[in-house]
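Line by line, the protein sequences are chains A and B.
What the first sequence shows, in my numbering, is residues 1 to 138, in sequence order.
What the second sequence shows, in my numbering, is residues 139 to 276, in sequence order.
Each residue gets a CB set at the ideal place from its N, CA and C atoms; glycine is no exception.
Structure, as structure tokens:
Number of protein chains: 2
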Amino acid sequence: MATENCSNMLEEHGIRPTPNRVLVAQALCHAARPLSMSELENTIGSIDKSNIFRTLTTFRQHGLVHAIEDGDGVRYEICHSHDCESDDDLHAHFFCEVCRKTYCITSTELPQPTIPQGYKVNSLNYILKGVCPACNKG
Amino acid sequence: MATENCSNMLEEHGIRPTPNRVLVAQALCHAARPLSMSELENTIGSIDKSNIFRTLTTFRQHGLVHAIEDGDGVRYEICHSHDCESDDDLHAHFFCEVCRKTYCITSTELPQPTIPQGYKVNSLNYILKGVCPACNKG
DNA sequence: CATTGTTCTGCAACCTGGTTGCAATGCTGG
DNA sequence: CCAGCATTGCAACCAGGTTGCAGAACAATG
Chain A
1 MATENCSNML EEHGIRPTPN RVLVAQALCH AARPLSMSEL ENTIGSIDKS
51 NIFRTLTTFR QHGLVHAIED GDGVRYEICH SHDCESDDDL HAHFFCEVCR
101 KTYCITSTEL PQPTIPQGYK VNSLNYILKG VCPACNKG
Chain B
139 MATENCSNML EEHGIRPTPN RVLVAQALCH AARPLSMSEL ENTIGSIDKS
189 NIFRTLTTFR QHGLVHAIED GDGVRYEICH SHDCESDDDL HAHFFCEVCR
239 KTYCITSTEL PQPTIPQGYK VNSLNYILKG VCPACNKG
């Protein structure tokens with residue numbers, strides 16, 4: 001996504017589009033998969049990890065990104081939900097144990113288990129672990 | 139589970155039943171829910187965390203326990219699978235964000251998403267986060 | 001344009017969970 | 001009993017995540 005568009009996207013979510021924030025948003029938009037703090041740090045190269053952490057916290061508070069816990073830390077992806085309150089952009093994720101990347105499984109809806117009485121569910125995390133097609137060759 | 143039974147259980151899995159290992163196995167059997175390394179350390183009180191770590195690693199290698207990543211670290215539970223190879227004891231887990239405990243959702247089968255071509259799945263982790271019934275009162 | 005208060009940022013320090021190296025101890029088989 | 005391997009506790013380490021702080025950037029106001 002172009003710098004301009006990312007800047008607008010931030011403003012639409014009530015986030016002031018500082019240069020660093022635009023860089024983080026661009027990195028997330030450009031990646032086809034969720035990125036961890038350190039992946040973002042390496043990709044961008046010019047921003048301190050504490051700032052990336054605070055930027056992602058801000059993004060999350062404004063419903064711009066999802067946090068995904070894939071057993072290898074936390075990764076973030078742009079939330080494509082039509083309505084960030086209802087968070088209808090849920091899907092499973094696949095963590096490759098070889099290349100240690102996390103992919104979105106968008107081919108299928110996130111299957112919802114039956115929740116017993118009394119539990120209040122705030123978020124879902126469905127992680128599959130194994131070997132991705134790229135690493136599975138040969 | 140009694141000391142005697144735990145000891146047998148270890149031997150059935152090809153694990154030498156040292157006193158410490160029996161303590162860890164008992165703690166896991168006695169708890170109705172998966173426990174983290176530090177929960178085990180606190181519950182048992184007499185065993186060093188590095189030893190608990192190595193004990194759990196051994197248990198896992200012998201198919202005695204599952205590791206569950208619930209976004210709050212790793213927790214372990216006795217694997218009740220009939221056949222540890224096929225690992226048919228899969229179920230979702232619920233992490234309470236208030237008391238920070240993890241519960242098993244055994245009321246329902248773990249729903250399986252459709253996996254795209256080429257991915258080799260080794261394990262599944264389905265975590266729901268929210269507030270458990272005990273913390274949800276009042 | 002200068003001033004002031006808030007926001008953003010980088011750096012360094014910290015914390016916690018997980019992991020490893022090592023030396024001492026305990027156990028097992030000859 | 002002895003040699004050799006398994007088990008253990010301790011201390012150190014590591015990485016990801018988090019916080020405190022002080023300076024830089026910014027927006028608003030007179």
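{"query": "Measuring straight from C-alpha to C-alpha, what distance separates Tyr126(A) and Leu110(A)?", "result": "8 Å"}
{"query": "In three-state DSSP terms, what is Asp177(B)?", "result": "One point to set straight first is that residue 177(B) is Glu, not Asp, in the sequence displayed. Correct three-state label for Glu177(B): helix."}
{"query": "Select from the region 227-238 of chain B all residues with a C-beta closer than 8 Å to any C-beta belonging to chain A, and list them in chain order.", "result": "Ala230, Phe232, Glu235"}
{"query": "Measure the alpha-carbon distance for Val259(B) versus Cys96(A) and round it to whole angstroms.", "result": "9 Å"}
{"query": "Interface residues of chain B around Asp104(A) at Cβ under 7 Å?", "result": "First, the residue type needs correcting, since residue 104(A) is Cys and not Asp in the sequence shown. In chain order: nothing, as chain B lies at least about 10 Å away."}
{"query": "Would you kindly work out how many angstroms separate the C-alpha atoms of Tyr119(A) and Asp186(B), rounded to a whole number?", "result": "35 Å"}
{"query": "Considering only DSSP beta bridges, list what Glu247(B) is partnered with.", "result": "None; Glu247(B) has no bridge partner."}
{"query": "Would you give the residue range spanned by the beta strand (DSSP E) that Lys120(A) belongs to?", "result": "120-131"}
{"query": "Could you compute how far the alpha carbon of Thr43(A) sits from the alpha carbon of Arg33(A)?", "result": "13 Å"}
{"query": "Check the Cβ of Thr195(B) against every Cβ in chain A and list those closer than 7 Å, keeping chain order.", "result": "Going along chain A, no residue has its Cβ under 7 Å from Thr195(B), so there is no contact; the nearest lies around 16 Å."}
{"query": "Is the Cβ of Leu35(A) closer than 8 Å to any Cβ of chain B?", "result": "no"}
{"query": "Measure the alpha-carbon distance for Ser50(A) versus Leu40(A) and round it to whole angstroms.", "result": "12 Å"}
{"query": "At the level of alpha carbons, what is the spacing between Tyr103(A) and His91(A)?", "result": "10 Å"}
{"query": "If we cut at 8 Å on Cβ distances, does Lys49(A) have a partner in chain B?", "result": "no"}
{"query": "Of all the options Ser245(B), Ala163(B), Met175(B), Thr196(B), which has the alpha carbon lying nearest to the alpha carbon of Ile216(B)?", "result": "Ala163(B)"}
{"query": "Look up His231(B) in the DSSP assignment and say whether it is helix, strand or coil.", "result": "strand"}
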